[in-house]
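Q: This structure is in structure tokens; I'll ask about it shortly.
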Amino acid sequence: MRIATWNVNSLNARLPRVEAWLDDVRPDVLCLQETKLADASFPAMAFAALGYEAVHHGDGRWNGVAILSRVGLDDPLAGFAPGIEPDVDTRLVAASCGGVRVHSVYVPNGRALDDPHYAYKLSWLARLRAHLEATADPASEVVVCGDFNIAPDDIDVWDRAAFEGATHVSEPERTALGALLDWGLVDTFRARYPELPGLYSYWDYTAGRFHKREGMRIDYVLASARLAARSVLDVVDRNARKGTKPSDHAPVIAEFAR
DNA sequence: ATGGTAGAGCATCTA
Numbered sequence: 000m001r002i003a004t005w006n007v008n009s010l011n012a013r014l015p016r017v018e019a020w021l022d023d024v025r026p027d028v029l030c031l032q033e034t035k036l037a038d039a040s041f042p043a044m045a046f047a048a049l050g051y052e053a054v055h056h057g058d059g060r061w062n063g064v065a066i067l068s069r070v071g072l073d074d075p076l077a078g079f080a081p082g083i084e085p086d087v088d089t090r091l092v093a094a095s096c097g098g099v100r101v102h103s104v105y106v107p108n109g110r111a112l113d114d115p116h117y118a119y120k121l122s123w124l125a126r127l128r129a130h131l132e133a134t135a136d137p138a139s140e141v142v143v144c145g146d147f148n149i150a151p152d153d154i155d156v157w158d159r160a161a162f163e164g165a166t167h168v169s170e171p172e173r174t175a176l177g178a179l180l181d182w183g184l185v186d187t188f189r190a191r192y193p194e195l196p197g198l199y200s201y202w203d204y205t206a207g208r209f210h211k212r213e214g215m216r217i218d219y220v221l222a223s224a225r226l227a228a229r230s231v232l233d234v235v236d237r238n239a240r241k242g243t244k245p246s247d248h249a250p251v252i253a254e255f256a257r
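Each residue of the first sequence is one higher than the one before, counting from 0 in numbering that gives the first Met the number 0.
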């Protein structure tokens, strides 16, 4: 089972690239973030032509998440479960694909430690944990994939000193991510490559950071123990960040033996 | 020199 996640930074701008990538990589499941589309504008037919069912949750201008699957797509759920304070944005969608409960998440950026958006980020992470508690079983096969906007460790950023006092590396958000993992999830990429720096999924468009290899590892596939035990591959597809009109994120691929 | 680029949409906002 090949599961991928990709923040495409506008699906409108990226559709030809995503289609070509799907045709090349043929993941069983692809989670998308930052489609920046309303549901009515989601190009479901383009993905159906490639053999993928899809569910999309978006409100048009910003955010927007989707799941594509060629191994079935059942019980879609947009946003947080009933009983949890609803999200003001469209940042979470879940579905069952080939026996795996899949979540595509776009965690709020936070902007700055003293910005209200940072409090929203922490609240959002707590609500995601509550959502998992309410709708999924950590003893079953679960993945939570997406752009977490958190570098889990200092080796997940190109220069820790450059992030002093900034979001993405602060203790409260790392603690919130830890609480998510404590529910029963494994960062399979870091489990495969412990202590190996320089493996990023995002590079700021500005200042030529991609070509200077100045990035951050903020996109990942979190897997429940039952799946993580069968983890056979973890890759960041840096090639998808090259050429004309790339996203500022590269796709992250995780594979699990059946 | 608080810079730089990309996307949405048409003035800025978001990242």
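Every residue, glycine too, gets a C-beta built ideally from N, C-alpha and C.
1. What's the call for D155, buried or exposed, on a 16-neighbour Cβ count within 10 Å?
2. Buried or exposed: which applies to A65, given that a residue is buried once 16 or more other Cβ atoms fall within 10 Å of its Cβ?
3. If you follow the beta strand (DSSP E) that V87 is in, where does it begin and where does it stop?
4. Measure the alpha-carbon distance for R25 versus P107 and round it to whole angstroms.
5. Beta-carbon separation of M215 and Y204 under 7 Å?
6. Assuming F188 and D247 form a contact by the criterion Cβ under 8 Å, report the distance between their Cβ atoms to the nearest whole angstrom.
7. Which residues mark the beginning and the end of the alpha helix (DSSP H) in which L221 is found?
8. Would you mind giving the Cβ-Cβ distance between A190 and A227, rounded to the nearest angstrom? I have them listed as a contact below 8 Å.
9. If you draw a straight line from the C-alpha of S258 to the C-alpha of S223, how long is it?
10. Please classify N148 as buried or exposed, where buried requires at least 16 other C-beta atoms within 10 Å of its C-beta.
11. Does DSSP put S95 in a helix, a strand or coil?
12. If we count the other Cβ atoms within 10 Å of its Cβ and call it buried at 16 or more, is Y192 buried or exposed?
A: So, from the listed chains and residues:
1. Under the 10 Å beta carbon count, D155 is surrounded by 16 or more other beta carbons and is classified as buried.
2. With 16 or more other Cβ atoms within 10 Å, it is buried.
3. Careful: V87 lies outside any beta strand (DSSP E) and carries neither H nor E.
4. Whole-angstrom Cα-Cα distance: 29 Å.
5. Cβ atoms of M215 and Y204: not closer than 7 Å.
6. The C-beta distance from F188 to D247 rounds to 19 Å, too long to fall under 8 Å, and the pair is not in contact.
7. From DSSP, L221 is part of no alpha helix (DSSP H) but of the beta strand (DSSP E) over D218 to S223.
8. Contact holds; Cβ gap of about 7 Å.
9. Residue 258 is absent from the model: the chain starts at 0 and stops at 257.
10. N148 comes out buried.
11. Here S95 sits in strand by DSSP.
12. Y192 should be labelled exposed.
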